[in-house]
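Mapping the sequence shown onto the working numbering, position 160 (from 1) lands on 164, and the numbers just tick up by one.
Backbone N, C-alpha and C fix where the C-beta goes; we use that ideal spot for every residue, glycine too.
Read the structure below first, then the notes.
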Amino acid sequence: MSNASTFRVRHLGSDEVFERHDIFINPNSLDAPPTGASIDPDLIAFHQAFPESKATPLIELPQVAQELGIGHVYVKDESLRFGLPSFKILGASWGVFRAVCEKTSLPSSSSLEEAGHAAQKAGISLVTCTDGNWGRAIARTAKYLGIKATIHVPKTMDEATRAKLRDEGAIVNAVNGSYDDSIAAAMKESESSKSMLVMDTSWEGFERMPKWVVEGYATMHAEVDRQLEETCGKRPTLCIASVGVGSWAQSVVNHYTEDGSSTKIVTVESEAAPCLMESLHNKKIVSVETGSTIMDGMNCGTVSTNTWPTLSTGVYASVVVNDLESHRDVLYLNNHGVNAGPCGAAPLAALRKLHKRGVLLPDPEAVVVLFSTEGYRDYVVPAST
Numbered sequence: 005m006s007n008a009s010t011f012r013v014r015h016l017g018s019d020e021v022f023e024r025h026d027i028f029i030n031p032n033s034l035d036a037p038p039t040g041a042s043i044d045p046d047l048i049a050f051h052q053a054f055p056e057s058k059a060t061p062l063i064e065l066p067q068v069a070q071e072l073g074i075g076h077v078y079v080k081d082e083s084l085r086f087g088l089p090s091f092k093i094l095g096a097s098w099g100v101f102r103a104v105c106e107k108t109s110l111p112s113s114s115s116l117e118e119a120g121h122a123a124q125k126a127g128i129s130l131v132t133c134t135d136g137n138w139g140r141a142i143a144r145t146a147k148y149l150g151i152k153a154t155i156h157v158p159k160t161m162d163e164a165t166r167a168k169l170r171d172e173g174a175i176v177n178a179v180n181g182s183y184d185d186s187i188a189a190a191m192k193e194s195e196s197s198k199s200m201l202v203m204d205t206s207w208e209g210f211e212r213m214p215k216w217v218v219e220g221y222a223t224m225h226a227e228v229d230r231q232l233e234e235t236c237g238k239r240p241t242l243c244i245a246s247v248g249v250g251s252w253a254q255s256v257v258n259h260y261t262e263d264g265s266s267t268k269i270v271t272v273e274s275e276a277a278p279c280l281m282e283s284l285h286n287k288k289i290v291s292v293e294t295g296s297t298i299m300d301g302m303n304c305g306t307v308s309t310n311t312w313p314t315l316s317t318g319v320y321a322s323v324v325v326n327d328l329e330s331h332r333d334v335l336y337l338n339n340h341g342v343n344a345g346p347c348g349a350a351p352l353a354a355l356r357k358l359h360k361r362g363v364l365l366p367d368p369e370a371v372v373v374l375f376s377t378e379g380y381r382d383y384v385v386p387a388s389t
């Protein structure tokens, strides 16, 4: 691998520090990973009934494709999903809906309005934690259902982001420490108040909700399938998905293994929080120390236990990018019709890195799909040195 770059990562618990290359080709990746799940027709109908429901755009980047010598590069632009600047509400809404249906004995073919009436009658309230977009998606879902939501956030979260959560009607509680400390606070409140804990990460004894969240993201995959058929008539040869706790990346792997597809899945993480890459290195889940990054939604130190069996064999390669690399592609995408934030630009930064290192070779038949998972937001611009 030419022009390799390295970074350091610290393990929590052991406090060991390792130097790693910024691209890791997964030796445990299978040519035929376990077959993924098909898309639930109730899911598609559920999301189509949402206010402001419409497919988000799939935008072609012909200049990038030409520079890299590949056939097509597309970006799925999730900067406006149901009126919110992120894809998260796809998983959040389906996860909450399925949990409410289970608790109130409603079928999954029920409407959002029916679930809301049942949730109100049962006295259901929600509790979660967030570093931004997930909490806003939960707050919006709670508002649709007419129930209360409490959201625990790290104290480092800026006031503007907290205000957006409150604007959705949520109660916001600031917690000392990291995202993992916010998880602990949400768990504690759920136990003491009997509120419904709604999270996209899993641990022993808490697996069903995150599984439904992963299912919820399949609405986007159905859209991409249709949009590719209408534009180039091909399936993707490569998809690049960002990683926080891994639920979103798991949904990507699930979809492209459903029918034995040969699509390769590459994941991208912030250099400040490479929990999946480090777990792939160690062939088991490893918690890592996280640092400061403009890629807030990817700043997670531990991969979800639900996602690990899928990601450990379904991911072809893991890439980390730094803040400056992400920022440069925020600027590029915004100048080319894609309203991306730092997490949304990370897949393009990863694609460029794969090409620069010689992992991605020129191929006029290749079709690459990049998932831009968030819209533009203000952030501190990283220094260029």
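Three-state secondary structure (DSSP) of residue i
| i | result |
| --- | --- |
| residue 128 | coil |
| residue 101 | helix |
| residue 200 | strand |
| residue 144 | helix |
| residue 107 | helix |
| residue 64 | strand |
| residue 95 | helix |
| residue 77 | strand |
| residue 135 | coil |
| residue 163 | helix |
| residue 8 | coil |
| residue 151 | coil |
| residue 239 | coil |
| residue 219 | helix |
| residue 409 | Absent from the model: residue 409. The displayed extent of the chain is 5 to 389, so no value can be given. |
| residue 367 | strand |
| residue 55 | coil |
| residue 275 | coil |
| residue 302 | helix |
| residue 261 | helix |
Span of the alpha helix (DSSP H) around residue i
| i | result |
| --- | --- |
| residue 331 | 327 to 338 |
| residue 384 | It is not in any alpha helix (DSSP H) - residue 384 carries neither H nor E in the DSSP assignment. |
| residue 230 | 222 to 235 |
| residue 50 | 45 to 52 |
| residue 284 | 279 to 286 |
Identified DSSP bridge partners for residue i
| i | result |
| --- | --- |
| residue 207 | 210 |
| residue 244 | 270, 374 |
| residue 253 | For residue 253, which the question treats as bridged, DSSP gives no partner whatsoever. |
| residue 379 | 344 |
| residue 28 | 322 |
| residue 170 | Bridge partners of residue 170: none, in fact. |
| residue 88 | 85 |
| residue 292 | 15 |
| residue 157 | 178 |
| residue 21 | 14 |
Extent of the continuous beta strand (DSSP E) to which residue i belongs
| i | result |
| --- | --- |
| residue 357 | From DSSP, residue 357 is part of no beta strand (DSSP E) but of the alpha helix (DSSP H) over 346 to 360. |
| residue 177 | 175 to 179 |
| residue 320 | Element bounds for residue 320: n/a, residue is neither H nor E. |
| residue 392 | In the structure as shown, the chain starts at 5 and stops at 389, and residue 392 therefore has no counterpart that could be examined. |
Cβ shell of residue i (< 6 angstroms), same chain only, five flanking positions each side left out
| i | result |
| --- | --- |
| residue 247 | 253, 271, 273, 280 |
| residue 152 | 129 |
| residue 174 | 143, 153, 155 |
| residue 72 | 359 |
| residue 122 | 108, 110 |
| residue 193 | 131 |
| residue 255 | 218, 221 |
Residue i beta carbon near the ligand ZN (any heavy atom closer than 7 angstroms)
| i | result |
| --- | --- |
| residue 375 | Absence of the ligand ZN from the depicted structure is noted, as is the absence of any ligand whatsoever, leaving it without description. |
Among the options, nearest to residue i - alpha-carbon criterion
| i | options | result |
| --- | --- | --- |
| residue 319 | 257, 161, 198 | 257 |
| residue 4 | 368, 367, 372, 363 | Residue 4 falls outside the range modelled here, since the chain spans only 5 to 389, and no answer is possible. |
| residue 387 | 330, 368, 347 | 330 |
| residue 300 | 326, 19, 125 | 326 |
| residue 138 | 117, 148, 93 | 93 |
| residue 42 | 123, 91, 223, 144 | 223 |
| residue 57 | 71, 69, 80, 84 | 84 |
| residue 149 | 191, 162, 105 | 105 |
| residue 140 | 110, 90, 355, 122 | 90 |
| residue 225 | 235, 243, 209 | 243 |
| residue 159 | 302, 147, 176 | 176 |
| residue 228 | 19, 50, 80, 12 | 80 |
| residue 217 | 308, 198, 147, 302 | 308 |
| residue 124 | 166, 185, 199 | 199 |
| residue 60 | 66, 70, 69, 78 | 78 |
| residue 335 | 74, 288, 385 | 385 |
| residue 370 | 237, 347, 283, 383 | 237 |
| residue 288 | 10, 11, 15 | 15 |
| residue 357 | 339, 323, 347 | 323 |
| residue 30 | 99, 368, 363, 383 | 363 |
| residue 168 | 95, 283, 87, 342 | 87 |
Cutoff 8 angstroms; reference residue i; Cβ partners in own chain excluding five residues on either side
| i | result |
| --- | --- |
| residue 215 | 206, 310 |
| residue 46 | 112, 113 |
Beta-carbon proximity list for residue i, same chain, < 7 angstroms, skipping 5 on both sides
| i | result |
| --- | --- |
| residue 147 | 172, 173 |
| residue 345 | 334, 378, 379, 380, 381 |
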